[in-house]
Amino acid sequence: MDIQSAVLNELFVLYPVIIPGWISPVRPVGIAAGGIPKSLYDGQPTGLECLVDPWTEVRSLTLAVDDSVYLYVNDGATPVASKTINPGEENRRIRLYVRHGEFQEGVNTLHYVVKNPSGNGSEKSRVLEVLYHLRAPGEPAPAGIRLQIPTVVRDQGVDAEQAAQGVVFGFDYTNRRAYDRIRLTLGTVPVDREVDPGEVGPGLPVITQTLFTDTFRKSGENPNTLVFYSVVDQLGNRNQSVDVPIDVHLDHVPSLQPPSVKEASGNNLNPVAAQDRLTAVLPADLRSTDLVSVTWTGPAGAPADGTYISLPRPISETGYEIPLPTSVIPFCLGKQATLTYNVTRGDTPIPSPSFPVNVQTLPLSELRMPMLKEASNNGEGPDLLLHQLTAQGQMWFPGFAFITVDQPVWLRLKGTRSNGDVYDNLLWQPPGAFINQGWVDKGFFEYAAPYADLKDLKDGTPLTMELKVGLGRSTNEAEAVSFQMRSYTVKAALDLEAPTVVQATVVVPGESATLNPLDVLRPPFFTIRVQYSPMLNSDEIKVFFDGKPGLGTPTIPADKGNASVGFVDFIVANQTIAANLSKPCIVRYEVARAGATTPSKNLQLAVQALPSSVLNLVSVPEATDGVIDARGDNRVLALHYAFMQPGQPFWIDLISRQDCNLRDGVAVSAAEFNAGQVVELIPKSYLLALSDGEKLDVEARVSLDGTGKKDLAVSFLIPQYRVKKGVSIIGDIAVAQNPREMVISPDGKRIYVVHISPFVGISVINTDTNKVIHTFPVAFYAYSLAIHPNGSRLYVSGQGTPHWDHNVYVFETTSYAHVQTIKMIETSNGVTLNSSGSHLYSSSEHNKFLYVYDTSSGQRMASIPAVGPAFSTMNPAKTRLYASGTNAVYVINVADNSVVSTIPVASSFSWAIAYSPHHSMGQRIYTTKPSLGTVTIIDAGINTVAKTLSGFSQPCGVAFNPVIERAYVAQSGSNELAIVNTATEEIIENIPGFKGPRGVVVTHDGAFAYVANESGSSISVVAL
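Residue numbers (my numbering): 575 to 1598.
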């Protein structure tokens, strides 16, 4: 070849080498042009044969004589083979061989170079990339290729259950690569798979293949099924594991073991143990897919119901314990049954060995005795007392193990008739007597007793009841099961007369009597006498008093008979009579003798009511001539009554236009019982709420029957009264001169009066005695006062010219000691405290501010703008302060001392202001205007004037009754106390007799008002 031209070298490129027999293509795509199997390289003595064609890709040039061809592997510096062209070989294909050991694992390159003899020109072929595997998969075999088989499969082979679950085979071999092809051969059945690239890498688990039933079925049943696998990589290099034999036996059935009975002890079955459940137990080596049918075969001669065959079902559904019907047991009692089973694995059922079951007879304890229910001890006793027999008497028969409908029954009664003849009565026998569904469902059976036959039996003779049942439904009596025999001793009856009550009056002898309850008060019991003949000392006598449930039907202890006197007395507490007033009762008894109980005749006892003469016990002792003064303290008094005991519920109701439940069933206490009276205080607020002259009845009741029910209680006679309730002055309390303002203590026990005369001081009045108990002077001109919410301190304001003090002085209410002085900026009219007593509000008609002070430190906290505020009051919630000014009422938020509303009123000095506790007309505030003769009514809900009442004569102080809808206004001009109906907001009355009245306070119970007579040096007490 002319290879002198570089241009030609570029135009005429040499073909790559050719490798006969190589593998192409290979994966993954693009890794190499092809692959070299070990058989082409390692398996050839001369190595890998490579061919070089003597032309270029355009086939226009040939090799020249003496040209040399050199073969290179992986761009090595030294060629691995070469060839010089001899004459005549210019157009021939050249064969070159790659010797062993040149290729490495993975991708290798091959190319050749053509050189001319001078060596100054050469041409290089295209490079050929080839894939080579240094080691075959599983090399060295067989050590490098192992088949993994589960131990249980190696030891026990593969059965149907194992095949259904799947058998996992593992392929553990060396030199694992992607795209290896694995063929697992089970017998002659191949199973192929390819190795995924994701299954290759260090630390990955062995590759597995799971075979299931269909593959094992194709392989067939063979105790020596050979299993192996081979691996071939993508270059054709392969190896194979050794053969491993396994036993494939999907349809093979091993030798069957006999079944057993779970409830049996070995081969012996106590029928009681199988009464509720009978279970066949199968061997544990059966497969879950085996179809099994169990057969219970009754003894020879047993009817078809004594045999049972279950439907074939797989073990996976039934488990190894198969329930059998217990109904087969009665047919096998005392005999032998047989238990077997059939196994179907494939197409042919295989029988098991038989298991004999020796069914024992029912124990006698399971065959209970029948009975006559009217015999002693409800049929369980030893005696048949003829006097207790009734035409409605029943025989009772027990339920029993394995009871079923249609089992034949025999019943025989045997005894001696009263004339001495033999009594042998076969009451029941088949075909007319058999177990019915009711007997099965209830677990027992009752049937009418032969009353006439039994009444004719001879005293002192035995009577037997013999019951037999054909459990196996045989009508042959000899094959029936005999129950335990019941035996009674026949006894004649006692004839017992009715008892008597010693304190009662006989109406019809032996039948009825009446009892006056007053006859059992002293002593507090009554006597029931039982008398009959003959009475034995061994007789057990039980007395019954049948009255109202509870106390009216006491439990009376039984007592023994007294043969020497012929009677027995039973003492019963009189509370039984109290519980049955006006009620009919029954008194009776029973005599238990020799195991039999005989009832007596009944005594009809009528308990009379308490006479009215002993029920006139309730009164209001403070009333005079049937009139109750509502302004005083009044009580309801109930004196000792018949049958009085602690714990009895007691009710007192006051009946009028407005009823009052004064005592609602509160039990009589031990103290009340010992005192012999029940006392309840009538709330003064209730009486004051009634109208003057209104009728008032007092209804009292007491529960004597133990039920605690008001409607069943005994009622006392009802006293009737009328209520006296006129408003009037009932007295005057002399005090120092010029009393004006007052305040009542939180507990209502004290009234504190301020005197406006210089240095007179404060008077203290006891509201219980209406007397002055203390007067303490002050060194200033006292004007107004307020009391701490807990009653511990009194705050007194001063007012006057520069010669007098303008401060607020604080006094203890127990020692009356002066404990604090709060410095004021100006003279103070009214003072008011907040709900906790921590803040004091001081107002002055001569100033334009309302001042707020801290009562602990005495420091001023705020100055609230207001024109001429004289007095102030709080709402009930203590969240708002209302100050009466010259021409407005100021509403102040006590939380931040801000004015939240200004309510315009007529321009004039405002004396007093008060907040109404009643809301029939809404939230109301009353403030007085002395010079205008009016009372301004403010709606505190919307902060506006609701109404102005006129017609007053210099109205000053104002106070509300906390109980009734009334307000009281002191009129210094007319010396009267005006009464305002707050529900209608009208003046309804003016009470005269006062002397310059100014301040007004009302007691907390609304019963009295106290009015300060400034010109009379007194405090008037007004009954409201």
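Here a beta-carbon is modelled for each residue, glycine too, at the ideal position from N, C-alpha and C.
Computed from a predicted model, the values in this text were never measured in an experiment.
Examine the ligand FAD and report whether any of its heavy atoms sits within less than 6 Å of the Cβ of residue 1249. Ligands are entirely absent from the displayed structure, and the ligand FAD is therefore not among its contents.
What separation, rounded to the nearest whole angstrom, lies between the Cα atoms of residue 640 and residue 696? 13 Å
Does the count of Cβ pairs from the region 800-813 and the region 703-720 closer than 8 Å reach three? yes
Straight-line gap, residue 1042 to residue 1051 (C-alpha atoms, nearest Å): 8 Å
Can you tell me whether residue 1226 is buried or exposed, with buried defined as 16 or more other CB within 10 angstroms of its CB? buried
Simplified DSSP assignment, three categories, for residue 902: helix
Hey, how far is the Cα of residue 974 from the Cα of residue 1063? 26 Å
With the cut-off set at 7 Å, would you say residue 1512 and residue 1463 are in Cβ contact? yes
Host alpha helix (DSSP H) of residue 1014 (start-end): 1011-1016
Quick one: give me the first and last residue of the alpha helix (DSSP H) that residue 1248 is part of. 1244-1249
Quick check on DSSP: helix, strand or coil for residue 1334? coil
Quick check: the region 1304-1317 against the region 1591-1598, are at least 3 beta-carbon pairs closer than 8 Å? yes
When DSSP builds the beta bridges, which residues end up paired with residue 1569? Partner(s): none; residue 1569 has no beta bridge.
How many Å lie between residue 872 and residue 904 at the Cα? 10 Å
By DSSP, does residue 612 sit in helix, in strand, or in coil? helix
Just list the beta strand (DSSP E) runs in the region 1282-1341, keeping only unbroken ones of 3 residues or longer that don't cross its boundaries, in chain order. 1294-1298, 1302-1308, 1313-1318, 1324-1329 and 1336-1340
Taking the alpha carbon of residue 662 as the point to measure from, which residue in 672, 655, 638 and 679 has its own alpha carbon closest? 638
Please report how far the alpha carbon of residue 582 lies from the alpha carbon of residue 644, in whole angstroms. Bear in mind that the predicted position of residue 582 carries a pLDDT of just 40, short of 50, making it unreliable; the figure below should be weighed with that in mind. Those two C-alpha atoms are separated by around 20 Å.
Is the distance from the Cβ of residue 943 to the Cβ of residue 1058 below 7 Å? yes
Entirely enclosed beta strand (DSSP E) segments - the region 927-999, minimum 3 residues: 929-933, 957-959, 968-972 and 983-990
Measuring straight from C-alpha to C-alpha, what distance separates residue 705 and residue 624? 15 Å
Does residue 930 pass the burial test, meaning 16 or more other C-beta atoms within 10 Å, or should it be called exposed? exposed
For residue 1448, the residue or residues it bridges with in DSSP: 1455
Who pairs with residue 1218 in a beta bridge, going by DSSP? According to DSSP, residue 1218 bridges with nothing at all.
Between the CA atoms of residue 816 and residue 893 - distance to the nearest angstrom: 41 Å
Cα-Cα separation between residue 954 and residue 862, rounded to whole angstroms: 55 Å
Just mark residue 1580 as buried or exposed, buried being the case when its beta carbon has 16 or more other beta carbons within 10 Å. buried
If you reduce the DSSP assignment to three classes, tell me which class residue 640 lands in. coil
One or two residues paired with residue 1038 in a DSSP bridge: 988 and 1061
Mind checking which residues open and close the alpha helix (DSSP H) that includes residue 787? 787-793
What does DSSP give as the partner residues of residue 883 in its beta bridges? 869
When 1084, 1140, 1141 and 1161 are compared against residue 1150, the one with the closest alpha-carbon: 1161
Please determine, among 1180, 745, 851 and 1362, the residue with the shortest C-alpha to C-alpha distance to residue 1157. 1180
Cutting at 8 Å between CB atoms, please list the residues of its own chain near residue 1590, excluding the five before and the five after it. 1306, 1568, 1569 and 1570
Using three-state DSSP, classify residue 894 as helix, strand or coil. coil
Going by CA-CA distance only, name the one from 1183, 1134 and 885 that's closest to residue 1166. 1134
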